Structure formats: C-alpha cells, structure tokens
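Take 86 as the starting number for the sequence shown in the numbering used here and just add one per residue. Before any comments, here is the structure.
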Amino acid sequence: MAEQKSGNAVSAFIMKHGKFMLLKRCNPPIQWCPPCGRARKAESLVDAVVRESKEETNLDVKVLMPITSWFGKHGGEILCSISFLCEYVSGEVKLSDEHNEFKWLTVEEMIQGEMTHDIKDFVRAREIKQLFDAGKIE
C-alpha cells in the first residue's frame, strides 16, 4: 500500500466593500473558488494565506480570523484546510496563470452559484453567527 501524504491548505475570503473575491480556475476542476493553496513546510497558516492571496491575486490582505476548517481526502492526499476571513489592504488585481477571471460577490450572490465545500462552509458559518446575533442560539 502506498504511503498517504498529509498537508495543510488555506483559503482566503478576501473582503472589500462588503463583497468577497472569487477566482475562476483555468484547469479542472474548473470552478469559482476563493484564493487558496498549500502551506509550505514550516510556514504558518497565516503566512500561507497572505502569500497565496498575493501570488494568486496580487492583493495585500490583512488576516482577520480563521472561519472554517475542513479535513479529508483530496487528490489522494489527506489535507487539513483552514479558511480565513481577510480584509483587502491594497493592490490592483493581477491574476496568476492558475485563474482566468475574478469577481467580487456578496454572500447572497455566492449562494446563487455553484458552491465549493469552502464556500458552503463559509455560508454556514455566517448563518450560525446570524443566529447567535439574533439571540436564537445561546
């Protein structure tokens, strides 16, 4: 039996004026997703999400907080992925060769499209926060 690899991945929900950036992948699976990627060996997850955001979008971001996590098999590897809420700081969008389009969407607009697991988890976390804020969960 082949040895299974493990690793850490990150994704960035970059917020600007109440909207979040999604990127369209060039290669399969061709889908809209937040900027994301693998952490390097000995790199913190916060440093990884800042680096991936810069590499994929040319944007400088401020990491606000981790918001969701996912653990499972992806492409034959065992991954732990953390999504972070990030705030746009500066820069003009310049996409890496991994992506060919970008758009800024509200959460409601994201829900209307095809959602990857990290987008679904982000929406679910937002809904839970709204229930807490409304006093429906203590």
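The C-beta atom is built at its ideal place from N, Cα and C for all residues, glycine as well. Note that the structure is predicted; figures quoted are calculated from it, not measured.
From the DSSP output, which residues share a beta bridge with residue 121?
As a position in the sequence shown, residue 121 is number 36, starting the count at 1. Answer by DSSP bridge pairing, in chain order: 96.
Under a Cβ-count criterion, where at least 16 other Cβ atoms within 10 Å of its own Cβ denotes burial, should residue 124 be classed as buried or exposed?
By one-based count along the sequence shown, residue 124 stands at place 39. Buried.
Just to confirm my understanding: we take residue 101, look at its own chain, exclude 5 residues before and 5 after, and list those with CB closer than 7 Å. What are they?
The count along the sequence shown starts at 1 and reaches residue 101 at position 16. Excluding residues within five positions, the ones whose Cβ falls inside 7 Å are 173 and 189.
Taking the Cβ atom as the reference point for each residue, do residue 175 and residue 144 lie within a distance shorter than 9 Å?
The sequence position of residue 175 within the sequence shown is 90, counting from 1. The sequence position of residue 144 within the sequence shown is 59, counting from 1. Result yes, Cβ atoms of residue 175 and residue 144 sit closer than 9 Å.
Taking the beta carbon of residue 198 as the centre, do at least 16 other beta carbons fall within 10 Å, making it buried, or is it exposed?
Position 113 of the sequence shown, counting from 1, holds the residue named residue 198. The residue is exposed, with fewer than 16 neighbouring Cβ atoms inside 10 Å.
At which residue ranges does the segment 126 to 195 contain complete beta strand (DSSP E) runs of 3 or more residues, listed in the order of the chain?
145 to 159, 162 to 175 and 184 to 190
Would you mind stating whether residue 152 and residue 207 have Cβ atoms separated by less than 9 Å?
Here residue 152 refers to the residue found at position 67 when the sequence shown is read from its first residue. Here residue 207 refers to the residue found at position 122 when the sequence shown is read from its first residue. Against a cut-off of 9 Å, the Cβ pair of residue 207 and residue 152 comes out as a contact.
What is the DSSP secondary structure of residue 109, counted as helix, strand or coil?
Here residue 109 refers to the residue found at position 24 when the sequence shown is read from its first residue. Here residue 109 sits in strand by DSSP.
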